[in-house]
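Following my numbering, the numbering of the sequence shown begins with 183 at its first residue and continues without gaps.
We treat Cβ as the ideally placed atom computed from N, Cα and C, and that holds for glycine.
Computed from a predicted model, the values in this text were never measured in an experiment.
One structure is given below, encoded as structure tokens.
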Amino acid sequence: MNQMAEDLLGNSASREEFVARETWAQVEDPPEVREAKQLARRYRLPYVDLLPPAGDSPIDFSLLAEVPVELMVRYQFVPLRRENGRLHIAVADPTDLERLDELAAALREKLELSVATAGAIDAVLRKGDATQRVLQEAASGFRISLVRETEQGEEVLDLDRLATDSEMSPIIKLVDTIIFNALESRASDIHIETRDYGVQVKYRIDGALYPKLDPIDLAYHQTLISRIKVMSELDIAERRIPQDGRFRARYKGRTVDFRVSIMPTIHGEDAVIRILDKEQINEAFRHLTLDVIGFSEEDLRKFRRYIAEPYGMVLVTGPTGSGKTTTLYAALNEIKNEEDKIITIEDPVEYQIQGITQIPVNEKKGLTFARGLRSILRHDPDKIMVGEIRDPETAQIAIQSALTGHLVFTTVHANNVIDVIGRFLNMGVEPYNFVSCLNCVLAQRLIRVLCTVCKRPYRPSDEELIESGLRPEEHRDRIFYRSVGCDACNHTGYRGRTAIHELLDLSDNIREMIIARRPGSEIRRAAEAEGLRSLRESALRKVFAGISSLHEINRVTFVEDVKLN
């Protein structure tokens with residue numbers, strides 16, 4: 183025990199303070215770090231943090247280029263430095279002496295061991311200069327089988343047969359590796375961005391972008407984009423205008439859809455590939471209910487009442503990728519029955535729900551939202567879902583449908599529940615008809631959920647609380663959590679997302695203010711007086727419950743003063 187500890191233990195008050203500090207320090211470390219430190223103490227070896235928060239790495243990165251990649255991957259170690267004729271390395275398991283003897287013989291060097299977590303070693307190997315080689319080895323047995331629809335059914339295409347040029351072979355392997363790692367990382371999108379220094383590949387995981395590869399040389403850029411165009415049946419000679427396509431592939435026995443968008447930039451063409459793993463998600467959507475969306479108890483009770491109404495409009499708003507469609511699917515899943523006919527029109531139909539008629543928009547063939555909605559009304563539906571209201575014509579038909587005895591679910595792009603009103607009025611909609619048909623307006627965003635394995639408690643500084651719109655004197659003693667990163671969450675600190683909501687209840691007072699075209703700020707104040715909870719307040723409740731972090735909600739919502747205890 184050190185001198186400071188002895189001094190603290192001199193009296194009972196100091197002893198309690200010391201125990202509290204020690205307990206806090208133990209809780210602060212994630213489980214894999216605690217285990218690694220215990221292992222290091224047991225064998226009297228130093229513990230090393232390979233991924234320090236300050237970025238002051240203990241690794242001599244020049245050694246990463248010298249040591250063969252195959253050995254680092256096979257023996258799971260990271261070289262740290264070379265001192266006094268010995269090679270200092272970090273390993274996760276210092277007890278496997280036979281394996282370490284083999285490594286020393288292969289390197290022909292005397293080794294000095296330090297202990298690190300297995301997750302940190304894996305992260306360093308993936309981030310190092312040899313990333314491409316490591317990833318290609320990991321995906322060497324993976325080959326994408328393109329699937330194309332034919333009149334006789336599905337035809338699986340051999341990619342090697344599509345491109346016999348020997349120069350394309352490494353590019354085929356690179357594209358396969360990029361897609362393979364995206365699927366393994368639970369990514370929703372692959373972003374291939376062209377810069378003046380190279381091509382950057384990023385994955386969107388739980389709504390945030392992460393670079394997963396070192397920049398690829400610009401010399402391979404055009405061949406890489408051409409490969410993606412061939413897979414998507416796009417024009418490889420056209421480089422001046424945007425192009426959209428799609429392809430379907432087999433992965434682990436299931437079919438995965440990919441939507442591709444190519445866009446010209448000043449340095450070359452960029453590509454974004456959206457991953458739609460329908461077969462996996464449809465299984466989850468089969469039992470999807472509003473309970474898993476993230477509603478507070480009060481908002482859930484209100485929203486369930488509105489979707490059970492016999493007619494009217496349920497309006498969900500938010501930016502692209504905020505989970506609006508998922509919420510509407512959950513609502514339809516809860517209210518569908520054999521007595522009612524439910525028809526949806528979407529662009530595109532991303533998830534199929536049993537017992538519901540779903541129509542995909544096809545603007546090239548003339549099937550728009552407005553035209554499809556007119557046709558739907560002739561099929562005598564009880565409930566209708568319109569994927570998105572984009573133009574005055576669709577808005578007018580949807581409102582008329584809600585006024586004439588149909589229950590209409592729809593979405594529109596707006597920042598919050600008050601901005602929706604302005605959007606519709608700007609489309610030329612008559613305010614009286616609009617408020618007469620409206621049951622409720624729900625605004626929604628998605629925030630990342632802290633990884634339950636590695637999240638740790640901490641005390642934010644007064645400055646951080648003030649920057650987050652919180653009063654330090656009220657929240658100084660509250661327990662907050664922050665992201666750390668471990669193997670379970672792919673070292674992002676987050677795993678999965680949940681929704682935050684703002685639900686506007688259309689009272690008589692609010693309806694009269696909309697008809698009178700009162701300013702949005704005035705309508706919001708009146709709604710808040712009647713119990714409207716803002717998106718920010720909903721987000722803070724997730725933070726106080728230990729579900730998310732201050733950093734995450736500051737990224738997603740505006741900082742505002744909220745009266746929360």
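Within the same chain, Arg718 come within 7 angstroms of Phe740 by CB-CB distance, once the 5 residues on both sides are set aside. Under the DSSP definition of a beta bridge, Leu391 partners with Arg386. Annotation for Ala302: Leu232, Leu233 place their beta carbon closer than 7 angstroms to its own, counting only its chain and skipping 5 residues before and after. Distances from the CA of Gln425 to each of Gly713, Ala300, Arg441, Leu253 were compared; the closest alpha carbon is that of Arg441. With a 10 Å radius around the Cβ and a threshold of 16 neighbouring Cβ atoms, Val273 comes out buried. According to DSSP, Thr471 shares a beta bridge with no other residue.
With at least 16 other beta carbons inside 10 angstroms of its own, Arg630 counts as buried. Contact between His683 and Phe477 is confirmed by a C-beta separation of about 6 angstroms, below the 8 angstroms threshold. Sixteen is the threshold: since fewer than 16 other Cβ atoms of the shown chains lie within 10 Å of the Cβ of Thr277, the residue is exposed.
Gln540 sits in a strand when the DSSP states are folded into three classes. The DSSP assignment places 662-664, 676-687 as complete runs of the beta strand (DSSP E) inside the stretch 649-735, in order along the chain (cut-off: 3 residues).
Straight through space, the alpha carbons of Tyr433 and Tyr493 are spaced by roughly 43 angstroms.
Taking Val666 as the centre and dropping the five residues before and after it, the same chain places the C-beta of Pro212, Cys636, Arg638, Gly675 closer than 6 angstroms to its C-beta, in chain order.
Short of 7 angstroms from the beta carbon of Arg693, and not among the five residues preceding or following it, lie these beta carbons of its own chain, in chain order: Val617. Judged by DSSP in its simplified three-state form, Met254 adopts helix. Every alpha helix (DSSP H) stretch that sits fully inside the stretch 375-458 and reaches 4 residues is listed by chain position as 403-414.
Straight across, the Cα-Cα distance linking Arg627 with Glu712 is about 22 angstroms. Secondary structure at Ser296: strand, using DSSP grouped into helix, strand and coil. Asn736 is not a Cβ neighbour of Ile387, given a cutoff of 9 angstroms. Counting along the chain, Pro613 sits inside the alpha helix (DSSP H) bounded by residues 613-619. Here DSSP, grouped into helix, strand and coil, assigns Lys565 to strand. Taking 9 angstroms as the cut-off, the Cβ atoms of Tyr385 and Ser367 count as close. 9 angstroms or more divides the Cβ of Ser408 from the Cβ of Arg428.
Shortest Cα-Cα distance from Cys633 to any of Cys668, Phe606, Glu656 involves Cys668. The shortest C-alpha to C-alpha distance from His403 to any of Leu245, Asp396, Thr376, Glu420 is the one to Thr376. With respect to Ala390, Gly500 sits apart: the two C-beta atoms are not nearer than 9 angstroms. Note on geometry: alpha-carbon atoms of Glu521 and Asp529 lie some 27 angstroms from one another. Fewer than three beta-carbon pairs drawn from the stretch 448-461 and the stretch 695-715 are found closer than 8 angstroms, and the two stretches are therefore not classed as touching. Counting C-beta atoms within 10 angstroms of its own C-beta, Pro563 has 16 or more neighbours from the protein chains shown and is therefore classed as buried. Between Val297 and Ala222, the gap from beta carbon to beta carbon is short of 9 angstroms. Contact check for Ala419 against Met495 fails: the beta carbons are separated by 9 angstroms or more.
By the criterion of at least three beta-carbon pairs nearer than 8 angstroms, the stretch 644-658 is not in contact with the stretch 532-546. Ile455 is the residue among Ile455, Lys355, Pro446 whose C-alpha sits nearest the C-alpha of Asp439. In this chain, Ala274 is not harboured by any alpha helix (DSSP H), its DSSP state being neither H nor E.
Cβ contact annotation for Thr447 (same chain, cutoff 7 angstroms, sequence separation greater than five): Thr376, in chain order.
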